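Structure first, then comments.
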């Protein structure tokens, strides 16, 4: 085997080893995703408890089913802009809920409302007198850029919400679940996060396929080179060669 072919074979083996490692890494990510999905599903299927009965550690309460009972402060609602649903522009409506016996309010994502400009709605149309909300606990997002105005946010982040309200607000919010109806003035509820496995399985198969191609391709080239050399030797032995 020539020096060039030897280097090519080493490169193919190294590439196959790398592709195989990446394939197993994707399988590891798949197992992690499945474990996370099982964890989230168990939280979403749990029995709802009052929001203030939970620990204040958001890492431990994330996705827990809760109830919030109180008075909606419609005058201080937030709108998360540029939210689409089935291709239509709209906003998410976040309403502070004042809970009796607590100075701290709870922000509730009441759902999605159509907005032609993905920013502006008629608030009075969506002021259904709900007093109890059932949903799951969600973490605030990180701010990405200054909001266009205090009540219209691109991300629902705690600093912006806390700065705009005249009273304390909990450091986690609630995504309301349940039925929705435009007739009753209830925004369209947001579906829980999808518990799919993501692309990890297909990525793993691709990496393993690349590894097989690298090994198979190198083997094919080496065998063809060997056949060519063998044919050349046999030809040189022929009479008159």
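In the numbering used here, the protein residues as written are 377 to 617.
Quick reminder that beta carbons are idealized off the backbone N, C-alpha and C, glycines included.
All of these numbers come straight from a predicted model, not from anything done at the bench.
Bridge partners - residue i, DSSP secondary structure assignment
{"i": "residue 542", "result": "The partner list for residue 542 (beta bridge, DSSP) is empty, contrary to what the question assumes."}
{"i": "residue 472", "result": "483"}
{"i": "residue 490", "result": "466"}
{"i": "residue 575", "result": "Residue 575 is not bridged to any residue."}
{"i": "residue 441", "result": "512"}
{"i": "residue 426", "result": "443"}
{"i": "residue 525", "result": "528"}
{"i": "residue 461", "result": "464"}
Burial state of residue i, where buried means 16 or more other Cβ atoms lie within 10 Å
{"i": "residue 417", "result": "exposed"}
{"i": "residue 453", "result": "buried"}
{"i": "residue 451", "result": "exposed"}
{"i": "residue 432", "result": "exposed"}
{"i": "residue 387", "result": "exposed"}
{"i": "residue 573", "result": "exposed"}
{"i": "residue 473", "result": "buried"}
{"i": "residue 440", "result": "buried"}
{"i": "residue 542", "result": "exposed"}
{"i": "residue 651", "result": "No answer is possible for residue 651: it lies beyond the span of the chain, which begins at 377 and ends at 617."}
{"i": "residue 402", "result": "buried"}
{"i": "residue 514", "result": "buried"}
{"i": "residue 455", "result": "buried"}
{"i": "residue 532", "result": "buried"}
{"i": "residue 425", "result": "exposed"}
{"i": "residue 580", "result": "buried"}
{"i": "residue 392", "result": "buried"}
{"i": "residue 382", "result": "exposed"}
Range of the contiguous alpha helix (DSSP H) that encloses residue i
{"i": "residue 411", "result": "379-420"}
Own chain residues within Cβ distance below 6 Å of residue i, not counting five before or after
{"i": "residue 471", "result": "448, 453, 484 and 486"}
{"i": "residue 461", "result": "488"}
{"i": "residue 583", "result": "395, 398 and 399"}
{"i": "residue 480", "result": "544 and 546"}
{"i": "residue 623", "result": "Missing from the structure shown is residue 623; the chain here goes from 377 to 617 and no further."}
{"i": "residue 594", "result": "385 and 388"}
Cβ shell of residue i (< 7 Å), same chain only, five flanking positions each side left out
{"i": "residue 464", "result": "490"}
{"i": "residue 554", "result": "510 and 565"}
{"i": "residue 478", "result": "428"}
{"i": "residue 476", "result": "446"}
Own chain residues within Cβ distance below 8 Å of residue i, not counting five before or after
{"i": "residue 525", "result": "none"}
{"i": "residue 547", "result": "432, 434, 516 and 534"}
{"i": "residue 576", "result": "402, 403, 405, 406 and 409"}
{"i": "residue 561", "result": "501, 502, 503 and 504"}
Extent of the continuous beta strand (DSSP E) to which residue i belongs
{"i": "residue 533", "result": "Unbroken run through residue 533: none, as it is neither H nor E."}
{"i": "residue 446", "result": "Careful: residue 446 lies outside any beta strand (DSSP E) and carries neither H nor E."}
{"i": "residue 514", "result": "508-515"}
{"i": "residue 622", "result": "The first residue shown for the chain is 377 and the last is 617, placing residue 622 beyond what the model contains."}
{"i": "residue 551", "result": "548-552"}
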